[in-house]
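Numbering (the working numbering), first residue to last: 196 to 666. A virtual CB, placed ideally from N, CA and C, is assigned to each residue, including glycine. Every value quoted in this text rests on a predicted model; they were computed, and no experiment measured them. A quick write-up on the structure given underneath.
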Amino acid sequence: MDLLTGLTTLAADIPDPAGLLPARQQMALSLGWHIVLACFGVAFPTMILVMHWRGVYRGDPLALVLARRWAKVSAVLFAIGAVSGTVLSFEMGLLWPGLMGRFGDVLGLPFAFEGVAFFLEAIFLGIYLYGWGRIPPRRHLLMLVPMAITGVAGTFSVLAVNGWMNNPTGFRIVDGEVTDVDPWAAMFNSGVFLQFLHMWVAAFMVAGFSIAAVYAAGMLRGRRDRHHRLGFTVPFAFASVAALVQPAIGHLLGSRLAETQPAKLAAFELATETESPSPLRLGGLLVDGEVRWAIDIPYLGSLIARNSLTAPVQGLDTIPADEQPPVNITHLAFQSMVGIGTALALLALVYWVARWRGHDLLRPEARGGTWLLRAAVAAGPLAVVALEAGWIATEVGRQPWVVYGVMRTTEAAGNSSTALWWVLGASAVLYAAMTVGAVLVLRSMARRWRAGDESLPSPYGPELEHAEEQR
């Protein structure tokens, strides 16, 4: 038995740490829940900025009404996102002590910048909300600019950490110790810019399609007024641009995988063997080492993954079994993301081409308008599903590594399990309560807005107390 075989056998015999499973479950719950709110924190301020600009510079009072309403919705989402973000900040050290204990100095800089960006966004959101009727209109509009910038900066900081986990740099390991730490090199690693761009565009897809879905549902219920048309058109325009450019960004990002993470690419493509040319494999599962129920399209695998008609996709048979990700989960998540993203891009294309040709599909009498609105309603949740599927693909596809090629996930987890299961249970209750609370608050706001109450006064505010005293 050679040394490599012996080490592989020994590693396989070592049981997983007790804290691995609850840590994975907790991280999946927290990130899966928070990432949706993060999309609104990134994209919503820009949409509010455009709507507010239209109201100020084009004298559109309805646009100002929508901007003010959206700002209040944004405040609700920001508040619950602050809670889930705080939970995440504590989880990194609690769930992955091996990672943060060893690489905390490497990752500290982007985490610090993310914290600064969060507080700045909160400050300017508060100024913007308080500034209605108190700050000159154009100066008030400018308060949205730092909100949009800090949202981008915070996203870049978080993606810098994830990009580093996929493309580790900015340190050396000497005699088992992390030395020569360069936080700037770690933050601006080779993968961060494309990953950031991919996520930033995805945020506009999620927020844009979700907001547009609300107004599409209203129009399906007969509310075909200008309020709903404008509320639909602005976020749908943002989402459309994002949906149409996202495939190109995804292609550029995926083209790197053949060199940087061939195991992930093999799982994406369900490539069990190295083939030249490689087919594009639609659907299918890996069962007992064989691909079943897949549709193969010749040449397209090489063309999409390698930008060539003949270049092969490295097969799983060339990768050690203990370095392969969970293939079926990775493959299905990746294809779900691509399939839904393609459908959303087609929806956007149909709407804008029809509008360019003079067919307003939002009019009640428009042929096909009802189906368009139904598709727009479905686009909101579908965009969220595509987002979650994309993160599952990239994170599960990196396994068994938490820091690719440097540290395995089993090395990052701790040995405590009982406490982590309690944390998972408490987190599930907390997130469920916040979800229910947010839905109730937003529905109450919408109901009062439809009744004509724009101010949404607090039931216990100082003005109400003063009125009671006068009585």
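For residue i and residue j, which I take to be in contact (beta-carbon distance under 8 Å), what is that distance rounded to the nearest angstrom?
i	j	result
glutamate 464	alanine 500	6 Å
arginine 569	leucine 415	7 Å
methionine 338	phenylalanine 313	With 8 Å as the limit, methionine 338 and phenylalanine 313 do not qualify as a contact, their Cβ atoms being about 17 Å apart.
alanine 355	proline 430	With a Cβ gap of about 28 Å, alanine 355 and proline 430 do not count as contacting.
glycine 403	valine 237	11 Å between Cβ atoms; not a contact.
alanine 584	alanine 408	Going by Cβ atoms, the distance from alanine 584 to alanine 408 rounds to 18 Å, so no, they are not a contact pair.
isoleucine 514	alanine 458	5 Å
serine 450	asparagine 523	Going by Cβ atoms, the distance from serine 450 to asparagine 523 rounds to 24 Å, so no, they are not a contact pair.
phenylalanine 235	serine 269	7 Å
alanine 633	valine 271	6 Å
To the nearest angstrom, how far is it from the Cα of residue i to the Cα of residue j?
i	j	result
glycine 214	leucine 615	7 Å
valine 533	valine 598	25 Å
arginine 603	leucine 425	50 Å
methionine 394	leucine 460	19 Å
alanine 317	leucine 224	24 Å
arginine 263	glycine 536	31 Å
histidine 247	leucine 582	28 Å
isoleucine 368	tryptophan 291	19 Å
threonine 203	alanine 506	Bear in mind that the predicted position of threonine 203 carries a pLDDT of just 42, short of 50, making it unreliable; the figure below should be weighed with that in mind. So the alpha carbons of these two residues sit roughly 31 Å apart.
arginine 745	valine 251	Missing from the structure shown is residue 745; the chain here goes from 196 to 666 and no further.
asparagine 667	alanine 397	The displayed coordinates of the chain run from 196 to 666. Any statement about residue 667 would go beyond what the structure contains.
phenylalanine 399	valine 486	36 Å
aspartate 375	glycine 365	8 Å
histidine 567	leucine 542	Residue 567 is actually leucine in this sequence, not histidine. Their backbone Cα atoms lie some 8 Å apart in a straight line.
glycine 293	leucine 244	43 Å
serine 471	glutamine 519	21 Å
tyrosine 494	leucine 635	51 Å
valine 311	glycine 296	23 Å
Buried or exposed for residue i, please, with buried defined as at least 16 other CB atoms from any protein chain shown within 10 angstroms of its CB.
i	result
asparagine 384	buried
tyrosine 546	buried
leucine 544	exposed
glutamate 454	exposed
proline 212	buried
valine 572	buried
isoleucine 492	exposed
alanine 627	exposed
asparagine 610	exposed
arginine 552	exposed
cysteine 621	The sequence shown places alanine at residue 621, not cysteine. It counts as exposed.
proline 240	buried
glutamine 325	Correcting the residue identity first, residue 325 is tyrosine in this sequence and not glutamine. Counting Cβ neighbours within 10 Å, tyrosine 325 comes out exposed, since fewer than 16 surround it.
proline 210	exposed
glycine 328	exposed
valine 231	buried
glutamate 590	buried
arginine 476	buried
leucine 302	buried
Quick one: what's residue i bridged to in DSSP?
i	result
aspartate 491	Arg476
glutamate 286	DSSP output for glutamate 286 lists no bridge partner at all.
valine 482	Glu485
valine 508	Glu470
Review point. Could you give the uninterrupted runs of the alpha helix (DSSP H) lying entirely in the segment 298–383, keeping only those of 4 residues or more?
Key: 332–337, 339–361, 378–382
Practice item. For the segment 572–635, list the alpha helix (DSSP H) runs that are entirely contained and at least 4 residues long, ordered along the chain. Key: 604–607
Point to revise | Whole alpha helix (DSSP H) elements within the segment 398–479, 4-residue minimum | key: 421–449, 452–455, 457–464
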